[in-house]
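For reference, the structure is listed below as structure tokens.
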Amino acid sequence: MLLINNIRLSRIIRNTWQVDLIMIASCMGAYFVREYLIAYHFSVPTIIPTVLGTAIAFFIGFNNNQAYDRWWEARKVWGGLVNDSRSFARNLLSFVPPGDENDEIVKRMIRRHIAFLYALKANLRSTVDLIYVKYLEESDRMDIEKHNNLHNAILLKQSEDLERLSRSGQIDGFKFIQINEMLVRFSDQMGMSERIKNTVFPTTYSYLTKVFIWLFVVTFTLVISQEMGVWSIFMGWMIGFVFVSTQINGMNLVDPFENNVAGIPLNQITRTIEINLLQMMGEENTPPPVTPINDEYVL
Amino acid sequence: MLLINNIRLSRIIRNTWQVDLIMIASCMGAYFVREYLIAYHFSVPTIIPTVLGTAIAFFIGFNNNQAYDRWWEARKVWGGLVNDSRSFARNLLSFVPPGDENDEIVKRMIRRHIAFLYALKANLRSTVDLIYVKYLEESDRMDIEKHNNLHNAILLKQSEDLERLSRSGQIDGFKFIQINEMLVRFSDQMGMSERIKNTVFPTTYSYLTKVFIWLFVVTFTLVISQEMGVWSIFMGWMIGFVFVSTQINGMNLVDPFENNVAGIPLNQITRTIEINLLQMMGEENTPPPVTPINDEYVL
Amino acid sequence: MLLINNIRLSRIIRNTWQVDLIMIASCMGAYFVREYLIAYHFSVPTIIPTVLGTAIAFFIGFNNNQAYDRWWEARKVWGGLVNDSRSFARNLLSFVPPGDENDEIVKRMIRRHIAFLYALKANLRSTVDLIYVKYLEESDRMDIEKHNNLHNAILLKQSEDLERLSRSGQIDGFKFIQINEMLVRFSDQMGMSERIKNTVFPTTYSYLTKVFIWLFVVTFTLVISQEMGVWSIFMGWMIGFVFVSTQINGMNLVDPFENNVAGIPLNQITRTIEINLLQMMGEENTPPPVTPINDEYVL
Amino acid sequence: MLLINNIRLSRIIRNTWQVDLIMIASCMGAYFVREYLIAYHFSVPTIIPTVLGTAIAFFIGFNNNQAYDRWWEARKVWGGLVNDSRSFARNLLSFVPPGDENDEIVKRMIRRHIAFLYALKANLRSTVDLIYVKYLEESDRMDIEKHNNLHNAILLKQSEDLERLSRSGQIDGFKFIQINEMLVRFSDQMGMSERIKNTVFPTTYSYLTKVFIWLFVVTFTLVISQEMGVWSIFMGWMIGFVFVSTQINGMNLVDPFENNVAGIPLNQITRTIEINLLQMMGEENTPPPVTPINDEYVL
Amino acid sequence: MLLINNIRLSRIIRNTWQVDLIMIASCMGAYFVREYLIAYHFSVPTIIPTVLGTAIAFFIGFNNNQAYDRWWEARKVWGGLVNDSRSFARNLLSFVPPGDENDEIVKRMIRRHIAFLYALKANLRSTVDLIYVKYLEESDRMDIEKHNNLHNAILLKQSEDLERLSRSGQIDGFKFIQINEMLVRFSDQMGMSERIKNTVFPTTYSYLTKVFIWLFVVTFTLVISQEMGVWSIFMGWMIGFVFVSTQINGMNLVDPFENNVAGIPLNQITRTIEINLLQMMGEENTPPPVTPINDEYVL
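Next up, the structure:
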């Protein structure tokens, strides 16, 4: 998540230089074709880039809207994880009567929940990140690693511990369903995150947009070169840049769990939950919040 | 679901060649009509295709938005099935106390749930796919096949087994309602899938869009042929192609349960749930995940 | 709900002939006014129909979006009725222990629910349709007919029978709340259907749209007749037809419970539920599904 | 809520005459300024009103969409009140066992709920309407009037009576939570209504729209007067009228609880609930439904 | 929240004067560049600002829609806090049987909830506002201040008191879950508020919009100066102002918890809840409602 208001030129160029080169080459091609071939035969009607502009505007707008929706939905899902993690810990801490064994189970479950979040984060970011192991007991860890889906396996463990509290009569049915409800919500949120990560945004939209922007830039340059001459190469690229940067902008949001500056700051969110939960358990040595990198973004 | 970023030309041509031929023929007709008839009487005002372009842009935008919404809703429904299937299995496994008979019921219910998913998938794809039988007991199967709606009949069986656990006191009321809640959600999700499958997207929209695109291509060619001559046939087709491919693109999403590359990858999702549930039951021989076809798409 | 891909010309003409005549007359008027009056004084600027086109595009788009939303919401509400009807029957059948009196109550409640659906359908379609009587006992029927709102009265009856099961100890509190929850949902869905039926889409939108399309057609014809002469009458009508048919198209969806080809196929949906519920009760003589009329549409 | 399809000219003029006069004066000013000042120095480029038109189209579209959403949300909230009021009465009537005292409490609660609706309606319409008193007992009334928020105070009374039923063992915990759930929903719906009423639609949008429409009308008249002469005054006003009436149209929906023809028909809805609830209690003398005024609208 | 219909000129100038100066300087620059450099070489095609206008219209529309959505979501979240605060107090007051100790706990919990709201408000507005301390007992306060997240710590305290009521048998499980449900909702609403506050609206959108508006103003002035001469500076600024003010307008809504006139009036809402809750507890000396500042806005 970017924190600053102005974007460095270097960042923009790094994102678009390949496309910029292709566009400048195309504009130059269009200029020369018109100057030395078309000019002697016919003039290019203005309505062609105008109509193409309409089609592109729809495409880019559509892509950006859907991309932003995916990004905002992902943010909401993780916001929900924050809220439910706190409620989960609060319920465990106040519902389970004090006592050595009980305290241990509660502590184990809250710590295991932090492990759940770290395992889920690592999976969404497609990284191998063993930080979750820190919050798991050795036996848990071995059971969990038999599963393809680690975070789902952790939830199963939570459910078993909760059942233990219920069967031994430490919590009654009413309290049981409220804590179990949180496990169901975690299952929903983890599945929703996986859905956003695993569903490819329909390729046809992003592919056709690229083709149509290219068509637009070429016909646009053909048309304006009739009035502007060689300056049309610069103008063609500039207008093309407006469309291309908008499109790239949207496509950066479409996979919100990627580990880049446009993504959801999972590191920061997970750490916030970690601190909240540890403090609720009365721990005083909590890790520091995630700080921005270069004062520019958080991950 | 397409996985690659670039779409093969062959795929595009396969999808649009008929429309392309019609458009080229129409553009040629328009060119000759203007050249040999209209040219001697009047000029065609540019405002006609411009205004038509606005109408078409609305239509295509509207169709694409609604189509994408159907597709994304379908994806969410099946995402919900993933989440609730895991919670269903997790609850059964941890709520029901161990014991020979109990273990058998739990196992039967989880396996029957996999059968439910396969039966629902076959129905949504309008295929006869007997894979669901594998996860059913013989007696279940015979009862179920008396019904028009197989997956609904399977849910009724689940409900009976759940009631058995409840009546024999293996699970208390609190646990009972939480498992039953999952059956209600499955009923909702199966009904939502059927709704998307069975509701025809209002034909008038797709039909009128086709008519208006054709009108646009013809009047557009009439107008630009005044400046471009015979080249207007090519340009008319090209701009028409932009609109047509966008429209076809959207219409490919409108029936997201079809067994094609644009649809929801039900095979992949069902298999994921199958693996998760089998592993949660402790089975080690799980089927492999669904792999992409040609590295291009999954079904 | 239309099932076919192409719409018969006869259907389109039947829907729009009055408007077509008005438009042709207006275009002719505009042509003659310009030819014999305006032409000698000033030319009509192209920007007038262009700007009007923008306003109309907004209006028609807005109307269509809201109309589609009403239609799709109506479809979702009845989809919800399908899902909850099945869950309601499933819960009753599995929760209530077998026994002569119990079986009778369960059967009565499920049949009364089918009556509820038929009574609601008749009300939404503003027809007198006594089919619901078939599924009611005589005493029920007499009580119910004292009420203005028949379907609400049926729900009250359901609630009384459910209370009977609860008070006699046949179902415990947990099962009770789950069945009662379904009655609450039916109450919601019936109220949502009534809301869509009884709320007139703001008249000002549809009225002003008609006025503005007329203004557009007239000024458009004024402008193009400067270049096209008498052919402008045809073109003016054609472009007007594009807008008018889009607008009429949307307005056909705005009242989705009307008994016409654009509406929600309540007959088909109700019958589907009827068959499902009868089969769940083990009845073998179920009525046939609703079949399309002329292979063209279902109601 | 307007019921008719055509809007009387008198109603439109009544709504817009002030703005119409301002626009005609502005168009005349623009005409004379161009004719006697600008004409000798430069011509006004068409692109100016075109670009302004785009900005206005966005603004008006945005305002109308948000206004309609507020209106439709308000309608949904009151639709929810209809549904939950019926469920509330149904639950009370069937859950509470018959008996003199019980019957009295049930009757008192249902009547008090009607008072709640009337008190809420009066508050939303900012009127003093003492009809709610009719359905309250004297002692209730005195307690309630100590509060700033009458309807919230009524809910507190309901909660106390419900607790009375619970504490005396007339209803068990399961039935208790279902009735209490309805009170929570009423609290939600009343708060949602207050939110819509009390949140001013951001003034900046409506204010800037007015300014930009005025700018548009002036520059539009400047441009078309170059071709149309004095007729531009009429045309400028006409196009301005199209935008202004659309904007006013939307702003009429933005406060849906106002007591005007565009608002939600709270009188009608409240009366419908009143009749339903009285009939459910077996009363036969129910007040008549609200009838349309002049066959034109209901309030 | 602004309450008046017309915005003072001074407020607009205060918000935009920097941008206005930049725009006027850019327009002057464009005018002179065209007059003394470009005019001798080529003419600038009108299509350039037209196409840029389309891109900008999309950007500004997108930004405004998302900004309004954030603002309205924030308003809904706090509306939900109003509703649930009332239900929370109502439930506590009617569920807990009278008695000295009980009354004290109930009073403490309701007062602590008011503290929760004030602490949350101070956090969202990034101010140090110790008003919440007034409603807390000394011991609570010391525990709470050990946490980074004060409002989360307050919820933990509430949960402990609720558990106390439950464990001592003052409220049964049914009542317990209903009050606890409210704590879960408060946790959700507080997390949702934090999400809106802490998620930076993607910087790329607001940054690129600024760049593109500037490009538009410059090319627009280049084009119209061909017809209007020096007046183009004024017109370029005016049209630029239309876009800029719209953009700034939207960006004022994007952080709805800021303590400015465009934000959600948290002071007013919190005070409303405070008054409602105190009156429900029977207190007669309630603080006055928040009054508008200058009759212009509330905070």
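Quick mapping for you: the protein sequence lines, in order, are chains A, B, C, D and E. The opening residue of the first sequence carries number 1 in this note's numbering; numbering runs sequentially from there. The opening residue of the second sequence carries number 1001 in this note's numbering; numbering runs sequentially from there. The opening residue of the third sequence carries number 2001 in this note's numbering; numbering runs sequentially from there. The opening residue of the fourth sequence carries number 3001 in this note's numbering; numbering runs sequentially from there. The opening residue of the fifth sequence carries number 4001 in this note's numbering; numbering runs sequentially from there. Every residue gets a Cβ at the ideal spot worked out from N, C-alpha and C, and that includes glycine.
Quick one: list the residues of chain E neighbouring Thr3203(D), beta-carbon separation under 7 angstroms, in chain order.
Start at 1 with the first residue of the fourth sequence, and residue 3203(D) comes out as number 203. Result: Leu4002, Ile4004, Asn4005 and Ile4007.
Interface partners of Ala2039(C) on chain D, CB under 7 angstroms:
The count along the third sequence starts at 1 and reaches residue 2039(C) at position 39. In chain order: nothing, as chain D lies at least about 13 angstroms away.
With a threshold of 7 angstroms on Cβ separation, who are the neighbours of Arg271(A) within its own chain once the five nearest residues in sequence on each side are excluded?
Stepping through the first sequence from its first residue, residue 271(A) is reached at position 271. These residues qualify, in order along the chain: Pro287, Pro289 and Val290.
Considering just the uninterrupted stretch of the alpha helix (DSSP H) at Gly173(A), what are its terminal residues?
For this step, residue 173(A) is matched to residue 173 along the first sequence. According to the DSSP assignment, Gly173(A) belongs to the alpha helix (DSSP H) that extends over Gly173 to Asn198.
In chain order, each alpha helix (DSSP H) run of at least 4 residues that lies wholly inside the stretch 1190-1254 of chain B
The DSSP assignment places 1203-1228 and 1231-1251 as complete runs of the alpha helix (DSSP H) inside the stretch 1190-1254 of chain B, in order along the chain (cut-off: 4 residues).
Contact criterion: CB-CB distance below 8 angstroms. Does Asp3255(D) meet it with respect to chain E?
The residue labelled residue 3255(D) in the question sits at position 255 within the fourth sequence. Chain E contact via Cβ: absent.
Residue from Val4019(E), Tyr4036(E), Glu4073(E) and Ile4144(E) with nearest C-alpha to Thr3199(D):
Against the fourth sequence, residue 3199(D) aligns to sequence position 199. When each option's Cα is compared against that of Thr3199(D), the closest is Glu4073(E).
One question on the structure: do Ile1047(B) and Thr2046(C) come within less than 8 angstroms of each other, judged by their Cβ atoms?
In the second sequence, the residue the question calls residue 1047(B) occupies position 47. In the third sequence, the residue the question calls residue 2046(C) occupies position 46. Contact flag set, yes.
Chain C contact residues for Ser1085(B), given Cβ-Cβ distances below 9 angstroms:
For this step, residue 1085(B) is matched to residue 85 along the second sequence. In chain order: nothing, as chain C lies at least about 17 angstroms away.
Counting only beta-carbon atoms, is Glu4104(E) nearer than 8 angstroms to chain D?
One-based indexing of the fifth sequence puts residue 4104(E) at position 104. Cβ-Cβ to chain D under 8 angstroms: no for Glu4104(E).
Using only alpha-carbon positions, find the residue among Glu3145(D), Ser3094(D) and Phe3243(D) that is nearest to Arg2164(C).
The residue labelled residue 2164(C) in the question sits at position 164 within the third sequence. Of the candidates Glu3145(D), Ser3094(D) and Phe3243(D), the one whose C-alpha sits nearest the C-alpha of Arg2164(C) is Ser3094(D).
So with CB distances below 8 angstroms, who are the chain D contacts of His2113(C)?
Taking the first residue of the third sequence as position 1, residue 2113(C) is located at position 113. Within chain D, no C-beta atom comes less than 8 angstroms from the C-beta of His2113(C); the nearest is roughly 15 angstroms away.
Mind listing the chain A neighbours of Thr1246(B)? Cutoff is C-beta to C-beta under 8 angstroms, in chain order.
Within the second sequence, numbered from 1, the residue matching residue 1246(B) stands at position 246. Using a Cβ-Cβ cut-off of 8 angstroms, Thr1246(B) is close to Ala55, Phe58, Phe59 and Leu208 of chain A, given in chain order.
Return the chain-ordered list of same chain residues with a C-beta closer than 7 angstroms to the C-beta of Val4106(E), the five sequence neighbours on each side being excluded.
Sequence index remark: in the fifth sequence, residue 4106(E) carries index 106 (1-based). Closer than 7 angstroms at Cβ, skipping near neighbours: Leu4092, Leu4093 and Val4096.
Within 8 angstroms (strictly less), CB to CB, does Gly2229(C) reach chain B?
For the purposes of this step, residue 2229(C) is taken as residue 229 along the third sequence, with counting starting at 1. For Gly2229(C), the answer is yes, since a Cβ of chain B falls inside 8 angstroms of its Cβ.
Please state the DSSP three-state secondary structure of Ile3105(D).
As a first step, residue 3105(D) is located in the fourth sequence; it is residue number 105 there, counting from the start. Of the three classes helix, strand and coil, the one that applies to Ile3105(D) here is helix, per DSSP.
How about Ser2159(C) and Leu2183(C): are their beta carbons less than 8 angstroms apart?
Within the third sequence, residue 2159(C) is the residue found at index 159, counting from 1. Within the third sequence, residue 2183(C) is the residue found at index 183, counting from 1. Yes; because the gap between Cβ atoms is below 8 angstroms, this pair is in contact.
For Arg4108(E), which option in Val4128(E), Val4133(E) and Ser4126(E) has the closest C-alpha, if you only look at C-alpha atoms?
Residue numbering aside, residue 4108(E) sits at position 108 when the fifth sequence is read from its first letter. Checking every option, the nearest Cα to that of Arg4108(E) belongs to Val4133(E).
Ile2012(C) by DSSP, collapsed to three states: which one?
As a working note, residue 2012(C) is residue 12 in the third sequence. Judged by DSSP in its simplified three-state form, Ile2012(C) adopts helix.
Tell me whether Ile3293(D) sits in a helix, a strand or coil according to DSSP, three-state version.
For the purposes of this step, residue 3293(D) is taken as the residue at position 293 of the fourth sequence. In the three-state DSSP reduction, Ile3293(D) falls in the strand class (E or B).
What does His4147(E) touch in chain A if you count any residue whose Cβ is under 7 angstroms from its own?
Start at 1 with the first residue of the fifth sequence, and residue 4147(E) comes out as number 147. Listed along the chain, the chain A residues whose CB falls inside 7 angstroms of the CB of His4147(E) are Gln279.
Indicate whether Ala4030(E) and Val4242(E) have their beta-carbon atoms separated by less than 8 angstroms.
Sequence index remark: in the fifth sequence, residue 4030(E) carries index 30 (1-based). Sequence index remark: in the fifth sequence, residue 4242(E) carries index 242 (1-based). No, they are not a contact pair.
With a threshold of 16 other CB atoms inside 10 Å of the CB of Glu4175(E), please say whether the residue is buried or exposed.
As a working note, residue 4175(E) is residue 175 in the fifth sequence. According to the sequence provided, residue 4175(E) is Lys. The question's Glu does not apply to it. By the Cβ neighbour-count rule, Lys4175(E) is buried, with 16 or more other Cβ atoms within 10 Å of its own.
Tell me whether Tyr1135(B) is buried or exposed, calling it buried when 16 or more other Cβ atoms sit within 10 Å of its Cβ.
What you label residue 1135(B) is simply residue 135 of the second sequence in a count that begins at 1. It is buried - the Cβ of Tyr1135(B) has at least 16 other Cβ atoms within 10 Å.
By the three-class DSSP mapping on this structure, what secondary structure does Leu2003(C) have?
Sequence index remark: in the third sequence, residue 2003(C) carries index 3 (1-based). In the three-state scheme derived from DSSP, where H, G and I count as helix and E and B as strand, Leu2003(C) is classed as coil.
Please confirm if Ser94(A) has its CB atom under 8 angstroms from at least one CB of chain E.
One-based indexing of the first sequence puts residue 94(A) at position 94. Chain E, which has a Cβ nearer than 8 angstroms to the Cβ of Ser94(A), makes this yes.
Nearest CA to the CA of Trp4237(E): which residue from His3041(D), Asn3123(D) and Leu3052(D)?
Reading the fifth sequence from its first residue, position 237 is the one you call residue 4237(E). If we check each option's Cα against that of Trp4237(E), Leu3052(D) comes out closest.
Output, in chain order, the set of chain C residues within a Cβ distance shorter than 7 angstroms of Gly3079(D).
Numbered from its first residue, the fourth sequence carries residue 3079(D) at position 79. What Gly3079(D) touches in chain C: Gly2191, Met2192 and Arg2195.
Would you kindly work out how many angstroms separate the C-alpha atoms of Asp1069(B) and Asp2188(C), rounded to a whole number?
Taking the second sequence and counting its residues from 1, one reaches residue 1069(B) at position 69. Taking the third sequence and counting its residues from 1, one reaches residue 2188(C) at position 188. Computed Cα separation, rounded: 24 angstroms.
Apart from the five residues on each side of it in sequence, which residues of its chain come closer than 6 angstroms, Cβ to Cβ, to Phe1990(C)?
What is shown of chain C runs 2001 to 2299, which leaves residue 1990(C) out entirely.
Tell me whether Glu4104(E) is buried or exposed, calling it buried when 16 or more other Cβ atoms sit within 10 Å of its Cβ.
Residue 4104(E) sits at position 104 when you count from the first residue of the fifth sequence. Exposed.
Report yes if the CB atom of Val261(A) is closer than 8 angstroms to the CB atom of Tyr297(A), and no otherwise.
Stepping through the first sequence from its first residue, residue 261(A) is reached at position 261. Stepping through the first sequence from its first residue, residue 297(A) is reached at position 297. Yes, they are a contact pair.
Does any CB atom of chain E fall closer than 8 angstroms to the CB of Pro49(A)?
Counted from its first residue, the first sequence places residue 49(A) at position 49. True, the Cβ-Cβ gap to chain E drops below 8 angstroms.
For a contact meaning CB atoms closer than 8 angstroms, what does Gly3236(D) contact in chain E?
Sequence index remark: in the fourth sequence, residue 3236(D) carries index 236 (1-based). The contacting residues do not exist; Gly3236(D) stays about 18 angstroms from chain E at best.
Consult DSSP for Lys1146(B) and reduce its assignment to one of helix, strand or coil.
Taking the first residue of the second sequence as 1, we reach residue 1146(B) at position 146. In the structure shown, Lys1146(B) sits in coil (DSSP, three-state: anything other than H, G, I, E or B).
At which residues does the alpha helix (DSSP H) containing Met1280(B) begin and terminate?
Within the second sequence, residue 1280(B) is the residue found at index 280, counting from 1. Leu1266 to Met1280 is the extent of the alpha helix (DSSP H) around Met1280(B).
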